[in-house]
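If you read the sequences in order, they're chains A and B.
The first sequence begins at 1 in our numbering and counts up one residue at a time.
The second sequence begins at 1 in our numbering and counts up one residue at a time.
For glycine and all other residues, C-beta sits at the position ideal for the given N, C-alpha and C.
Structure first, then comments.
There are 2 protein chains.
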Amino acid sequence: MPIDTRHPREIRQDIRLGKLTGITAGLGQNYVQANLAVLPRDYAYDFLLFCQRNPRPCPLIEVTDVGSPEPVGVAPGADLRTDLPKYRIYKDGVLADEVTDATPYWRDDLVAFLLGCSFTFEWALLEAGIRLWHVEHGKNVAMWRTSMECRPAGAFHGPMVVSMRPIPAAQLSKAVTTSARFPNAHGAPIHIGDPAMIGVKDITKPDWGDPQPFGPGDVPVFWACGVTPQAVAIKSKPPFMLTHSPGHMFITDVPNASLAAL
Amino acid sequence: MPIDTRHPREIRQDIRLGKLTGITAGLGQNYVQANLAVLPRDYAYDFLLFCQRNPRPCPLIEVTDVGSPEPVGVAPGADLRTDLPKYRIYKDGVLADEVTDATPYWRDDLVAFLLGCSFTFEWALLEAGIRLWHVEHGKNVAMWRTSMECRPAGAFHGPMVVSMRPIPAAQLSKAVTTSARFPNAHGAPIHIGDPAMIGVKDITKPDWGDPQPFGPGDVPVFWACGVTPQAVAIKSKPPFMLTHSPGHMFITDVPNASLAAL
Chain A
1 MPIDTRHPRE IRQDIRLGKL TGITAGLGQN YVQANLAVLP RDYAYDFLLF
51 CQRNPRPCPL IEVTDVGSPE PVGVAPGADL RTDLPKYRIY KDGVLADEVT
101 DATPYWRDDL VAFLLGCSFT FEWALLEAGI RLWHVEHGKN VAMWRTSMEC
151 RPAGAFHGPM VVSMRPIPAA QLSKAVTTSA RFPNAHGAPI HIGDPAMIGV
201 KDITKPDWGD PQPFGPGDVP VFWACGVTPQ AVAIKSKPPF MLTHSPGHMF
251 ITDVPNASLA AL
Chain B
1 MPIDTRHPRE IRQDIRLGKL TGITAGLGQN YVQANLAVLP RDYAYDFLLF
51 CQRNPRPCPL IEVTDVGSPE PVGVAPGADL RTDLPKYRIY KDGVLADEVT
101 DATPYWRDDL VAFLLGCSFT FEWALLEAGI RLWHVEHGKN VAMWRTSMEC
151 RPAGAFHGPM VVSMRPIPAA QLSKAVTTSA RFPNAHGAPI HIGDPAMIGV
201 KDITKPDWGD PQPFGPGDVP VFWACGVTPQ AVAIKSKPPF MLTHSPGHMF
251 ITDVPNASLA AL
């Protein structure tokens with residue numbers, strides 16, 4: 001995949017001007033990309049608490065001040081209303097619109113949450129010499145709703161969603177220690193091995209994304225997935241919610257490596 | 001120091017019955033002890049956000065549901081109104097009372113925050129063979145207000161407070177890697193070396209606690225300190241705030257080792 005090696009500031013500028021409109025994979029060289037969830041202030045406490053109680057699926061890297069679209073902690077000067085290529089608008093939990101500029105939907109009572117994403121630990125796995133089939137083949141990872149309930153917080157509750165990557169048995173330890181260094185990007189695997197133990201009935205039929213082929217000796221390894229907070233938030237049917245469109249992430253100024261806990 | 005090796009559940013029962021009334025150092029064998037801060041719901045969002053934005057001084061390990069005194073995540077069945085040996089009550093930011101049972105002060109709109117404490121990483125340092133003068137001599141650690149401002153959140157803002165331990169130069173790396181494994185107990189040092197760089201004017205005169213003597217080759221190592229959130233919260237003068245009394249912590253059911261990120 002060709003990589004746009006410019007600084008995220010320049011890439012975000014092109015997105016803002018409508019020059020870049022596609023998915024953000026390959027944009028920016030090893031900078032943290034983030035999931036976006038925007039909710040009214042009335043829902044922000046419960047959502048913040050939900051993230052605090054479920055840090056593996058919901059690793060918060062930024063929460064804006066009420067009404068402010070600027071993520072001053074991870075990308076000062078950026079504007080979350082315009083600097084993502086595509087947005088989804090949900091009303092009462094139902095998809096109501098998909099737009100490339102969220103400015104018309106912005107309100108003074110909104111709080112934006114940015115959550116770490118699997119790109120960061122996948123980068124670390126690749127750097128550590130672990131091959132990822134879906135990256136090599138330009139496919140999406142495989143995702144499932146599990147039987148593991150998140151710890152609820154006020155209006156928000158629901159099952160954890162996981163992503164799965166087949167890992168050779170000889171690289172299991174390396175996959176665990178490598179991803180564990182990035183707790184702000186889902187961290188270590190949530191489960192290794194038997195899919196049935198976490199309520200995944202058919203490893204060949206993901207709920208989202210593409211099926212992943214298994215080589216001899218490959219073991220299914222499951223990580224908590226950033227689809228969880230969106231699925232949980234939508235399920236609670238907030239009157240208004242704004243998110244990124246799948247794959248159209250926010251690109252921060254934070255290098256992946258600097259997110260390492262150790 | 002003699003250690004009470006019973007399970008935290010039994011120790012909390014004795015505290016609840018008034019049989020144990022002193023500081024909690026030495027109570028429970030290597031279980032996580034926590035700082036307590038209780039605030040009205042109206043202040044809870046800003047405080048939760050402050051902790052999220054300043055995880056080094058404010059490592060959240062539990063937030064209760066509104067009105068509930070039970071920390072179901074880290075000590076199911078416990079009661080935060082009775083299971084700490086001593087409490088402080090603040091009204092409009094002023095110390096108003098010190099009690100051994102907080103039940104009369106409990107209200108339906110209160111939210112309790114438990115924050116990790118230095119006991120956990122100190123346990124790890126000791127296990128790693130790093131000697132700590134204040135532990136060996138039964139003294140308090142040395143603490144200072146610094147020139148490093150926390151990232152503000154709503155009503156809450158103020159400088160970071162740090163604790164300092166002299167560490168032999170040959171053990172600096174070990175001290176960093178060992179404590180870094182415990183991000184939920186302040187994590188890695190926030191500063192190593194020259195005290196002036198973080199606004200500490202006189203290393204022999206702490207703002208709180210006892211001065212620490214330096215041996216030849218010892219380097220001052222500074223960790224973010226749990227005094228920070230209390231100091232910041234009191235400064236914002238909330239109409240009501242309940243905390244543990246210094247040294248009289250909440251003992252959780254979580255083993256120190258299980259808090260390790262890696």
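Inset, instruction - Give the secondary structure of A/E149 by DSSP, where H, G and I count as helix, E and B as strand, and everything else as coil. - result: Residue state, collapsed to three classes: strand.
Inset, instruction - Throw me the rounded Cβ distance for the A/A112 and A/P71 pair, which I believe falls under 8 Å. - result: The beta-carbon separation of A/A112 and A/P71, rounded to 7 Å, stays under the 8 Å limit for a contact.
Inset, instruction - Note down the Cα distance separating A/I287 from B/P183, rounded to an integer number of angstroms. - result: What is shown of chain A runs 1 to 262, which leaves residue 287 of chain A out entirely.
Inset, instruction - Give the interface partners of A/Q171 over in chain B, defined as CB-CB distance under 9 Å, in chain order. - result: Near A/Q171 there are no residues of chain B at all, since even the closest Cβ is about 17 Å away, more than 9 Å.
Inset, instruction - Using a Cβ cut-off of 8 Å, pull out every chain B residue sitting near A/L60, in sequence order please. - result: Result: Q52.
Legend entry - Residue environment, A/A170, which counts as buried when at least 16 other CB atoms sit within 10 Å: With fewer than 16 other Cβ atoms within 10 Å, it is exposed.
Legend entry - Segments of 3+ residues assigned as beta strand (DSSP E) that fall wholly inside the region 103-158 of chain B: With a minimum length of 3 residues, the continuous beta strand (DSSP E) runs that stay inside the region 103-158 of chain B are 110-116 and 142-149.
Legend entry - Residue of A/M148, A/D109, A/K174 and A/G116 minimising C-alpha distance to A/A126: A quick correction: the sequence has Leu, not Ala, at residue 126 of chain A. Each of A/M148, A/D109, A/K174 and A/G116 was checked against the Cα of A/L126, and the nearest Cα belongs to A/K174.
Legend entry - Nearest-angstrom beta carbon gap, A/L39 and A/G264 [assumed within contact, 8 Å]: Because chain A spans 1 through 262 in this model, residue 264 of chain A falls outside it and cannot be assessed.
Legend entry - Segment limits, beta strand (DSSP E) that includes A/P229: That residue, A/P229, is in no beta strand (DSSP E); its alpha helix (DSSP H) goes V227 to K235.
Legend entry - beta strand (DSSP E) segment containing A/V99, residue limits: From DSSP, the beta strand (DSSP E) with A/V99 extends over V94 to V99.
Inset, instruction - Please name the residues in the region 175-186 of chain A whose beta-carbon is closer than 8 Å to at least one beta-carbon of chain B, in chain order. - result: So the list reads T177, A180, R181 and P183, given in the order they occur along the chain.
Inset, instruction - Measuring only between beta-carbons, confirm whether B/G73 sits less than 8 Å from chain A. - result: Yes - at least one Cβ of chain A is within 8 Å of the one on B/G73.
Inset, instruction - Compute the distance between the beta-carbons of B/T82 and B/H248, then report whether it is under 8 Å. - result: A distance of 8 Å or more separates the beta carbons of B/T82 and B/H248.
Legend entry - chain A contacts made by the region 31-47 of chain B, where a contact means CB separation under 9 Å: Answer set for the region 31-47 of chain B: R41, A44 and Y45.
Inset, instruction - Kindly say whether B/V63, judged by its beta-carbon, lies nearer than 8 Å to any beta-carbon of chain A. - result: Yes, B/V63 counts as interfacial toward chain A.
Legend entry - Within 8 Å, strictly: CB atoms of B/T64 and B/L259: Remark: C-beta atoms of B/T64 and B/L259 do not approach each other more closely than 8 Å.
Legend entry - Start-to-end residues for the beta strand (DSSP E) that takes in A/D253: Start and end: F250 to P255.
Inset, instruction - Could you tell me whether the region 185-192 of chain B touches the region 128-140 of chain B, where touching means 3 or more Cβ pairs closer than 8 Å? - result: These segments do not touch.
Legend entry - Residue-chain proximity (B/A261, chain A), Cβ-Cβ < 8 Å: Proximity of B/A261 to chain A, defined by a Cβ-Cβ separation below 8 Å, is satisfied.
Legend entry - Cβ shell of A/V200 (< 7 Å), same chain only, five flanking positions each side left out: Closer than 7 Å at the Cβ level, and outside the excluded window around A/V200, lie W144 and T146.
Legend entry - Spatial distance of B/R88 from A/A142 (CA atoms): In a straight line, the C-alpha of B/R88 is about 51 Å away from that of A/A142.
Inset, instruction - Can you give me the start and stop residues for the beta strand (DSSP E) that B/T293 sits inside? - result: Given that chain B is displayed from residue 1 to residue 262, the structure contains no residue 293 of chain B and the question cannot be resolved.
Inset, instruction - With DSSP collapsed to three states, give me the class of A/Q212. - result: Coil at A/Q212, not helix or strand.
Inset, instruction - Indicate whether at least one CB of chain A lies closer than 8 Å to the CB of B/L80. - result: No, B/L80 lies away from the interface with chain A (no Cβ there is under 8 Å from its Cβ).
Legend entry - Any chain A beta carbon closer than 8 Å to B/R12: Not one chain A Cβ lies under 8 Å of B/R12.
Inset, instruction - Would you decide whether B/I167 is buried or exposed? Buried here means 16 or more other CB atoms lie within 10 Å of its CB. - result: Label assigned to B/I167: buried.
Inset, instruction - Specify the secondary structure class of A/A185 as computed by DSSP and reduced to three states. - result: In the structure shown, A/A185 sits in a helix (DSSP, three-state: H, G or I).
Inset, instruction - Would you check if the distance between the CB atom of A/R151 and the CB atom of A/R56 is smaller than 8 Å? - result: Their beta carbons are not under 8 Å apart, which means A/R151 does not touch A/R56 by this criterion.
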